[in-house]
Amino acid sequence: ESPSIEECRKIGLKGIHLGDYIFWDDERQTEFVRDTYDWRETEIEGTYKKYKSAECIMPGVHDFTNYLKRGYSRASFHASVDVRSGLLTREEAFQLASKYDPVRPEVLDYYLKITGLSEEEFYKIIGKHKMPQLKNVKLPVKRKKWKNTEKLLPYAQQVINKYKPVKTRHARKATRRSK
Numbered sequence: 008e009s010p011s012i013e014e015c016r017k018i019g020l021k022g023i024h025l026g027d028y029i030f031w032d033d034e035r036q037t038e039f040v041r042d043t044y045d046w047r048e049t050e051i052e053g054t055y056k057k058y059k060s061a062e063c064i065m066p067g068v069h070d071f072t073n074y075l076k077r078g079y080s081r082a083s084f085h086a087s088v089d090v091r092s093g094l095l096t097r098e099e100a101f102q103l104a105s106k107y108d109p110v111r112p113e114v115l116d117y118y119l120k121i122t123g124l125s126e127e128e129f130y131k132i133i134g135k136h137k138m139p140q141l142k143n144v145k146l147p148v149k150r151k152k153w154k155n156t157e158k159l160l161p162y163a164q165q166v167i168n169k170y171k172p173v174k175t176r177h178a179r180k181a182t183r184r185s186k
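Here the sequence shown stands for residues 8 to 186, where the numbers follow the working numbering.
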């Protein structure tokens with residue numbers, strides 16, 4: 008069990024972010040892992056980076072809700088970092104943020120299915136959590152103009168589907184006869 012906030016304060020424990028003290032370049036680290044271990048990047052909904060949160064299908068929903076509540080999302084964050092690092096100009100960053108931030112992620116359909124929410128209910132719930140400055144602002148939501156290159160299902164579900172027995176025509180006929 009982790010110590011409580013009070014226990015941490017009592018003994019003077021403070022957390023630090025290692026990246027504030029040791030240089031870490033996501034782009035170079037990604038290139039190293041890709042080139043050394045044959046790791047492959049994948050499309051991540053909500054951003055142009057192809058390595059952030061590659062292990063999960065839900066960052067698209069998380070980032071989209073951030074956009075709906077705060078007016079910016081993961082692409083804006085990534086583009087800001089890239090501008091500070093000298094990888095992009097401000098204009099390029101604005102173009103990327105405008106392209107990716109307002110896009111409704113495909114995985115939202117899966118999220119709505121597993122939560123039982125309608126899309127209207129989803130937007131209503133998220134709308135209650137909008138920043139006060141954005142309460143009367145209708146943020147644009149764009150339909151995605153490209154298809155995901157991979158299935159947006161949890162990995163475990165993909166494995167189950169892959170090995171699930173397939174009923175052949177012969178097996179279906181035998182099942183009908185036995186009824």
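In this text, a Cβ means the ideal position worked out from N, Cα and C, and glycines have one as well.
Review point. Could you give the C-beta distance for L103 and A82, rounded to a whole number, given that I count them as a contact under 8 angstroms?
Key: Indexing the sequence shown from 1 puts residue 103 at position 96. Indexing the sequence shown from 1 puts residue 82 at position 75. Between A82 and L103 the Cβ distance is about 6 angstroms, and since that is below 8 angstroms, they are a contact.
Practice item. Just grab the DSSP bridge partners of V148 for me. Key: Walking along the sequence shown from the start, residue 148 turns up at place 141. According to DSSP, V148 bridges with nothing at all.
Review point. What are the partner residues of V110, as DSSP defines its beta bridges?
Key: The count along the sequence shown starts at 1 and reaches residue 110 at position 103. Bridge partners of V110 according to DSSP: K149.
Practice item. With a cut-off of 8 angstroms on the beta carbons, I'd call N155 and E113 a contact; round off their distance for me. Key: Start at 1 with the first residue of the sequence shown, and residue 155 comes out as number 148. Start at 1 with the first residue of the sequence shown, and residue 113 comes out as number 106. Rounded, the Cβ-Cβ distance is 6 angstroms, consistent with contact.
Check your understanding: If you run the structure through DSSP and keep just helix, strand and coil, what is L75?
Key -> The residue you call residue 75 lines up with position 68 of the sequence shown. Here L75 sits in helix by DSSP.
Exercise for review: Could you work out which residue in G78, S11, P172 is closest to V144 when comparing CA atoms only?
Suggested key: The sequence position of residue 144 within the sequence shown is 137, counting from 1. Ranked by Cα distance from V144, the first of G78, S11, P172 is G78.
Point to revise | 9 angstroms Cβ cutoff met for Y119 and F129 | key: The residue given as residue 119 occupies position 112 in the sequence shown. The residue given as residue 129 occupies position 122 in the sequence shown. Looking at the sequence itself, residue 119 is Leu, so the reference to Tyr does not match. Judged by beta-carbon spacing, F129 lies within the 9 angstroms limit of L119, meaning their Cβ atoms are closer than that value.
Review point. If we count Cβ pairs, one from each stretch, closer than 8 angstroms, do we get three or more for the region 63-79 versus the region 130-138?
Key: By the Cβ rule, the region 63-79 counts as touching the region 130-138, because three or more pairs are nearer than 8 angstroms.
**Study point:** Residue of V110, Y170, H24 minimising C-alpha distance to P147
**Key:** As a position in the sequence shown, residue 147 is number 140, starting the count at 1. Scanning V110, Y170, H24 for the CA closest to the CA of P147 turns up V110.
Check your understanding: Which residue's Cα is closest to the Cα of K149: T37, I23, Y107, T122?
Key -> To locate residue 149, count along the sequence shown from 1; it is residue 142. Residue Y107 is the option with its Cα nearest to K149.
Review point. With 16 as the cutoff for other CB atoms within 10 Å, does G26 come out buried or exposed?
Key: In the sequence shown, the residue the question calls residue 26 occupies position 19. Of the other Cβ atoms in all chains shown, fewer than 16 fall within 10 Å of the Cβ of G26; this residue is therefore exposed.
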